[in-house]
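Quick note: the sequence shown, position 197, residue 197 per UniProt numbering, numbers continuous.
The C-beta atom is built at its ideal place from N, Cα and C for all residues, glycine as well.
Following: one structure in structure tokens, then a few remarks.
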Amino acid sequence: MKTTRRSFLKSASTASLALLFSHCRKSDEAQLFTESERVDSYWSGIGFGIEMSAEWYNVDKNCLPQIHAMIEQTIQELESAFSLYSDSSELSRLNSGRALSNPSKIFTELFVISKKLVERTSGLCQPAIHGAWNAIESKPFSTNWKQRVQAASLDFIQFDGESIKLTNRLTEVSFNALVQGFLTDKVAQAARELGMTNALLHLGESYAIGKHPEGRDWSLAVMGTPHGEEVDLVGTMEFADAGLAVSTHDTSRKLVNPLTGEVLQHDRVVAVVSSEGATVADAFATAFAVANKSQWEQLYDSLTLNKVGVVKVWQKNQLVFERA
């Protein structure tokens, strides 16, 4: 998974989740909290090699250590499953050994979600594109490019309920930044179950729980692609109870269209909000980043099928597409 892909939004101890929930979840017989016990708080840390943060508002101060421990435990759980920087992670073992026995529940869950998102994006979001990326970086450039692009498909992953196997020798899986969206959604879900009603998460992707404490939607700035030493603000995204993903690419970075094998070097920023969460937002941000303009309307229709979604696309820091 690339750790440089999401950096344009501005704005410890571990414990068992069962223990956290029993101590902090608000129930119908909920504890009555006094005004002095409700506080705003900020958490920051490192996950998957990048800086992450969370803003909590109107929280029971006695629950803050448990809330922060929940974030850290969730990060550690997903790193154990999906980190490409650890040889012992499930994902690294799958890529190196070509098979993974008894995958964890969380690994299986993301695999199933990924298959559905590949279908919804018509294959433009492809979690198995890692092998093609590696070929781009190789010197000299890979001579079996066509075969690598063909192998970049979840169709070459066989799952029988007990093990996962890669059936093409050139297939490699990274899940791209879907892992960061998945992490964000997992933390948001757990935070809601712990009684959080107003929070903003930045965990590789962003998620807004409820509205801003002032009663409005959250608003985050989107930065454009750099020109010289300057990086300008190109727009804002407003959202509540939804996930947000921003994909920023300038001409120095190479992308691969998994359907055509075309190597892209363009100046494009994509911001996607989805009420389904940050995982879905990330998948569609990736799809819009590599898609032809003629495919944007169809992608937007798929994003918003029975759900709320917002898409903005900038090219050369100019807004060229907006749907809400």
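Residue i by DSSP, collapsed to three states: which one?
i           : result
Arg38       : strand
Arg323      : strand
His130      : helix
Asp301      : helix
Phe82       : helix
Gly47       : strand
Ser252      : coil
Gly210      : coil
Glu55       : strand
Val290      : helix
Leu64       : helix
Val308      : coil
Asn317      : coil
Leu32       : Residue confidence for Leu32 is low, a pLDDT of 46 falling below 50, so the modelled location carries little weight; the figure read from the coordinates is stated next. The answer is coil: DSSP assigns Leu32 none of H, G, I, E or B.
Val269      : strand
residue 326 : Missing from the structure shown is residue 326; the chain here goes from 1 to 324 and no further.
Gly243      : strand
Ala199      : strand
Thr236      : strand
Glu262      : coil
Leu220      : strand
Ser274      : strand
Ala283      : helix
Glu229      : coil
Ser153      : coil
Leu100      : strand
Asn95       : helix
Thr108      : helix
Thr121      : coil
Glu205      : coil
For residue i, count the other beta carbons within 10 Å of its own beta carbon; 16 or more makes it buried, fewer makes it exposed. Which is it?
i      : result
Lys307 : exposed
Pro213 : exposed
Asp232 : exposed
Lys186 : buried
Ala281 : buried
His202 : buried
Thr251 : exposed
Ser96  : exposed
Ala188 : buried
Ala30  : Note that Ala30 scores a pLDDT of 46, beneath 50, so its modelled location is shaky; the value from the coordinates is reported in the next line. So Ala30 ends up on the exposed side.
Asp60  : buried
Glu276 : buried
His249 : buried
Ala289 : buried
Thr171 : buried
His227 : exposed
Leu319 : exposed
Thr236 : exposed
Gln66  : buried
Glu37  : exposed
Contact defined as beta carbons within less than 8 Å: I believe residue i pairs with residue j. What is the distance between those atoms, to the nearest angstrom?
i      : j      : result
Val269 : Val311 : At roughly 12 Å, the Cβ-Cβ gap does not stay under 8 Å, so Val269 and Val311 are not in contact.
Glu51  : Ser41  : Their Cβ separation, rounded to whole angstroms, is 17 Å, which puts Glu51 and Ser41 out of contact at 8 Å.
Tyr85  : Gly49  : 6 Å
Cys127 : Leu178 : Residue identity differs from the one stated: residue 127 is Pro in this sequence, not Cys. Indeed they touch by this definition, with Cβ atoms about 6 Å apart.
Ala287 : Cys125 : 5 Å
Cys198 : Gly181 : Before going on, a small fix: residue 198 reads as Asn here, not Cys. Incorrect: roughly 21 Å between the Cβ atoms, too far for contact.
Leu194 : Ser206 : No, Leu194 and Ser206 are not in contact; Cβ-Cβ is about 19 Å, not under 8 Å.
Leu255 : Leu244 : Wrong, their Cβ atoms sit about 20 Å apart, outside the cutoff.
Ile75  : Leu166 : Not a contact, Cβ separation roughly 26 Å.
Among the residues of its own chain, which have a CB less than 6 Å from the CB of residue i, if the five just before and after it don't count?
i      : result
Trp296 : Phe321
Val149 : Ala132 and Gly261
Phe284 : Val272 and Leu303
Ser83  : Ser89
Arg5   : Any reading at Arg5 must be qualified, since the residue scores a pLDDT of 38, below 50, and its modelled position is unreliable; no value is offered.
Gln158 : Lys165 and Thr167
Using a Cβ-Cβ cutoff of less than 7 Å, which residues in the same chain neighbour residue i once the five nearest sequence positions on both sides are dropped?
i      : result
Asp87  : none
Lys316 : Asp267
Leu154 : Ser114, Lys115, Val118, Pro127 and Ala128
Ala81  : Ser89, Glu90, Leu91, Ser104, Ile106 and Phe107
Ala324 : Val310
At a cut-off of 7 Å, would you count residue i as near the ligand GTP, judging by its Cβ distance to the nearest heavy atom?
i     : result
Val39 : Here there are no bound small molecules, and the ligand GTP is not part of this structure.
Spatial neighbours of residue i within its chain, please: CB distance less than 8 Å, with the 5 preceding and 5 following residues excluded, ordered by chain position.
i      : result
Asn102 : Glu162 and Ser163
If you scan the stretch 159-195 from start to end, which runs of the beta strand (DSSP E) of 3 or more residues do you find wholly inside it?
-> 163-166
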